[in-house]
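Numbering (the working numbering), first residue to last: 18 to 715.
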């Protein structure tokens, strides 16, 4: 018995450790209940300051080594380092097309297409990385100077190429699940290699920097592959190989050129703000001694400039995986918290910049009065632009970045030419920032899942401004929910990226813009679970919805005219132990919920808006949502133990009727009659009847 207890003690210790780690986490869904907003941002950015400090130290050490051992290569190192940052930033943006498709494929629960997608992008990364390395190598060969400088340039090209490949593998896994890489290994390895290089410098001489860069690249790439491979093996999405030209056709078929280039250009502009500062000072240095004196100090603190813009990338996973806009006030409060926290981070970055400038230069008093407010504004820009990027508003990101750079150039030119209005002009950077915040607050519908709930699908239909087509597939009698969901997933997976699919107990609806199929093909794609097909076309989504209502193809329950306050009052009267929760409004009764997992399940079920075709996650709670498109205005919670099946069905119907009427009224659409299941079958002809009238369908 004692031996068994001793054998289980390590497991018990590990379980206790994992429980303690989970208790320290601050998941995003807690913010829906008004819990721990500051705790969430502090948890997500807990390593941002440490990472920025270590990268600053490595950057200064690298620059000092170059200035000491290869002073003739300082300009080349600065140029190629900025070029590498631009290439890596552009690739991060371009790979958003891969991440978006992976997130779209995940509900299919088939990891084979995800593996094929990652393999295709790894192949593309190998080709692009090979081209970058060849370009840097040619530049090193054309340099024609010191061989050590040529090795350093080629090593920088090798580092950029390896980062493209390793981070593509990382991005593919990160789109599915967070990948945690130990920061002490990630940055500690670079520090160890740097110290080793300093120890070997008396023997290696000027070759030390290039060899250390090669060793650091190999170490970081191997470490990243090890951590990512552990996650992909667990998820069963590990490609069998890293290179296969056959999959390039797959990328060409599933990724439009504009869908890849637009986020890439937006990401390059987002990552170029520190380069814009250096480029402005370099352009003015030829005619101004003050700019020449500031060029080196600003380059030394460039990692802090970059971190002040890129810190919001730590919450990018949450911005893309959760539909923040569906929670209305929650989204606004989330943005306010992010903007406030960005100011605190900017203060920390300014303190580190001041310390670095005091220790390594004598220009701290000349740089900080301008650098501090610029870091503050840039940190606010970082959060705003990352939110717009997650919403796929790439044009707005590019426009705001260009406005920021244009304003920055005017400010730098004014200040360096002795104009007293230069510092005051820093306030003009706030104008593009305010424009970005206004754009971020605009109503927006997040990219849909493969199969959407009925209400968000109707809202997406109303927002369509171009010509579109609605296909209605009527289910037969007594088709179980599992088969309805399977049919919807089969069609959605076939039309991924070109259709919005919704399923109800009566029918399956497909909103598509380009692809056309015959009735028999639609039935075949749905697996034979449907009994009839109907198709409508219109010049925009609103006209298509009105036409579908007139022909009774959509399910519109009668009634539903009650006001939200009347529904809430009646709900509280019928369920005294129930809870009416408004986004981000604290409710003491919510603290009685079992644990964080229960709150997570409530959030996920609320996002489904009571979809009858999905199994509820919150087993102990009945959930209904008042939906004012595109926001959830209130969540009605009642313990299932205090309700009956008839009560839950009645309230689900009451809330669904009210939500449908509210959505249609918001777009000025009138409903003269409702369509039920029998009228839907009468309107939608069966596949057999269509085959009798038209024998040849394929």
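A virtual CB, placed ideally from N, CA and C, is assigned to each residue, including glycine.
Note that the coordinates shown come from a computational prediction; the quantities given were computed from them, not determined experimentally.
Collapsed DSSP secondary structure at residue i in the structure displayed
i: residue 552; result: strand
i: residue 313; result: helix
i: residue 261; result: coil
i: residue 274; result: helix
i: residue 655; result: strand
i: residue 637; result: coil
i: residue 568; result: coil
i: residue 395; result: helix
i: residue 484; result: coil
i: residue 67; result: helix
i: residue 596; result: strand
i: residue 562; result: helix
i: residue 708; result: With a pLDDT of 42 at residue 708, under the threshold of 50, the modelled position of this residue cannot be trusted; read the value that follows with caution. Helix.
i: residue 194; result: coil
i: residue 626; result: coil
i: residue 632; result: coil
i: residue 52; result: coil
i: residue 289; result: coil
i: residue 183; result: helix
i: residue 602; result: coil
i: residue 543; result: coil
i: residue 410; result: coil
i: residue 251; result: helix
i: residue 77; result: helix
i: residue 438; result: Low per-residue confidence applies at residue 438: pLDDT is 49, beneath 50, and the placement is therefore not dependable, though the value from the model is reported in the following sentence. Residue 438: helix per DSSP, three-state reduction.
i: residue 685; result: coil
i: residue 534; result: coil
Exposed unless 16 or more other CB atoms sit within 10 angstroms - verdict on residue i
i: residue 274; result: exposed
i: residue 737; result: One cannot answer for residue 737 here, as it falls past the ends of the chain, which runs 18 to 715.
i: residue 2; result: Residue 2 falls outside the range modelled here, since the chain spans only 18 to 715, and no answer is possible.
i: residue 85; result: exposed
i: residue 113; result: buried
i: residue 11; result: Only positions 18 to 715 of the chain appear in this structure, which leaves residue 11 out of reach.
i: residue 239; result: exposed
i: residue 493; result: exposed
i: residue 692; result: The predicted model places residue 692 with a pLDDT of 43, which falls under 50 and marks its position as unreliable, so this point remains unresolved.
i: residue 328; result: buried
i: residue 89; result: exposed
i: residue 421; result: buried
i: residue 705; result: For residue 705, the pLDDT reaches just 46, beneath the cut-off of 50, and the residue's location in the model is therefore unreliable, leaving the point undetermined.
i: residue 438; result: Note that residue 438 scores 49 on pLDDT, short of 50, meaning its location in the model is unreliable; the coordinates nonetheless yield the value given after this. The residue is exposed, with fewer than 16 neighbouring Cβ atoms inside 10 Å.
i: residue 379; result: exposed
i: residue 594; result: exposed
i: residue 79; result: buried
i: residue 251; result: exposed
i: residue 222; result: exposed
Proximity of residue i and residue j at Cβ, strictly below 8 Å
i: residue 132; j: residue 245; result: no
i: residue 147; j: residue 288; result: no
i: residue 425; j: residue 540; result: no
i: residue 176; j: residue 234; result: yes
i: residue 474; j: residue 524; result: no
i: residue 139; j: residue 182; result: yes
i: residue 149; j: residue 93; result: no
i: residue 643; j: residue 651; result: yes
i: residue 471; j: residue 628; result: yes
i: residue 318; j: residue 373; result: yes
i: residue 324; j: residue 377; result: no
i: residue 449; j: residue 427; result: no
i: residue 371; j: residue 393; result: no
i: residue 14; j: residue 281; result: With the chain covering only 18 through 715, there is no way to say anything about residue 14.
Per DSSP, cross-strand counterpart(s) of residue i
i: residue 491; result: 524, 549
i: residue 645; result: 648
i: residue 529; result: 486, 516
i: residue 469; result: 519
heavy atom of the ligand NAD below 7 Å from residue i C-beta
i: residue 537; result: You won't find the ligand NAD in this model; it holds no ligand whatsoever.
Contact with chain D by residue i, beta-carbon distance below 8 Å
i: residue 448; result: The structure shown contains no chain D; it holds only a single protein chain.
At least 3 beta-carbon pairs within less than 8 Å: the region 354-362 vs the region 393-405: yes
The region 499-509 / the region 552-559 touching (three or more Cβ pairs under 8 Å): no
Meets three-Cβ-pair contact criterion under 8 Å: the region 580-590 and the region 662-679: yes
Three CB pairs or more closer than 8 Å across the region 209-220 and the region 150-157: no
Contact between the region 629-643 and the region 59-74 (3+ Cβ pairs under 8 Å): no
Contact the region 277-292 vs the region 169-185: 3+ CB pairs below 8 Å: no
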